[in-house]
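In what follows, a single structure is set out as structure tokens and then discussed.
Residue numbers (the numbering used here): -12 to 185.
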């Protein structure tokens, strides 16, 4: 088994002036406390994905490589109109295999709900992609009142406990699924099932 695991933190917003920048800054600073993970920050704004879903496009290939190298994911998502963003859905829908058999955790933010309605919809999406979502999450109601522009969090004690619990569960599932995929690649299951039904 690998001595370290790669954790991709994915921005869920591309809006100008996005609160997501503050939340990701806070999260990446806190993730320093979890050295068992190598952190990779994935921002949709860094990729010029084609509108026509051209899978041979070099930007698609570049993003596929980053997602494929990840052993686990944290999605940082806002809630817009009771759901998650179109930019996040686009990144998710471009790919299938990079998500398979990997754990996904969520840090959300929004108004009164703290983004939890977006998270519940994302759980359905990732279940269809054969990913394993972590029950525990971290959410922020009215984050514009909680974070300064540099990602410093007001009254962090309760949030730290939530994050620590989420990360403990994420580490457990990451280790379990890395071992499982090394013993039997996830794609082999469907190939063998297809062969057996012929």
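Even for Gly, the Cβ is constructed at its ideal location relative to N, Cα and C.
> What residue ranges within the stretch 42 to 112 form continuous alpha helix (DSSP H) runs of no fewer than 4 residues, ordered along the chain?
Replying inline: Those alpha helix (DSSP H) runs which fall completely within the stretch 42 to 112 and span 4+ residues are 45 to 56 and 73 to 80.
> Between which two residues does the alpha helix (DSSP H) carrying residue 164 extend?
Replying inline: Taken as a continuous stretch (DSSP letters only), the alpha helix (DSSP H) holding residue 164 covers 144 to 170.
> If you draw a straight line from the C-alpha of residue -5 to the C-alpha of residue 54, how long is it?
Replying inline: Between the alpha carbons of residue -5 and residue 54 lies a distance of about 7 Å.
> What's the C-alpha gap between residue 80 and residue 46?
Replying inline: The C-alpha of residue 46 is placed about 15 Å away from the C-alpha of residue 80.
>> For a test of the three-state rule: what should DSSP assign to residue -5, helix, strand or coil?
In response: Residue -5: strand per DSSP, three-state reduction.
> In its own chain, which residues sit with a C-beta less than 6 Å from the C-beta of residue 38, not counting the 5 before and 5 after it?
Replying inline: Nothing meets the Cβ criterion.
> Who are the Cβ neighbours of residue 126 in its own chain at under 6 Å, not counting the five residues just before and after it?
Replying inline: So the list reads 95, 101, 102 and 103, once near-sequence residues are dropped.
>> Within 8 Å, do at least three Cβ pairs link the stretch 149 to 156 to the stretch 165 to 175?
In response: Flag = no, the stretch 165 to 175 and the stretch 149 to 156 do not touch.
> Under three-state DSSP, which class holds residue 33?
Replying inline: Residue state, collapsed to three classes: helix.
> If you draw a straight line from the alpha carbon of residue 135 to that of residue 92, how long is it in whole angstroms?
Replying inline: Each residue's alpha carbon lies about 24 Å from the other.
>> Within 10 Å of its beta-carbon, does residue 58 have 16 or more other beta-carbons around it, so buried, or fewer, so exposed?
In response: With 16 or more Cβ atoms within 10 Å of its Cβ, residue 58 is classed as buried.
> Does the distance from the C-beta atom of residue -3 to that of residue 83 stay below 8 Å?
Replying inline: Cβ atoms of residue -3 and residue 83: not closer than 8 Å.
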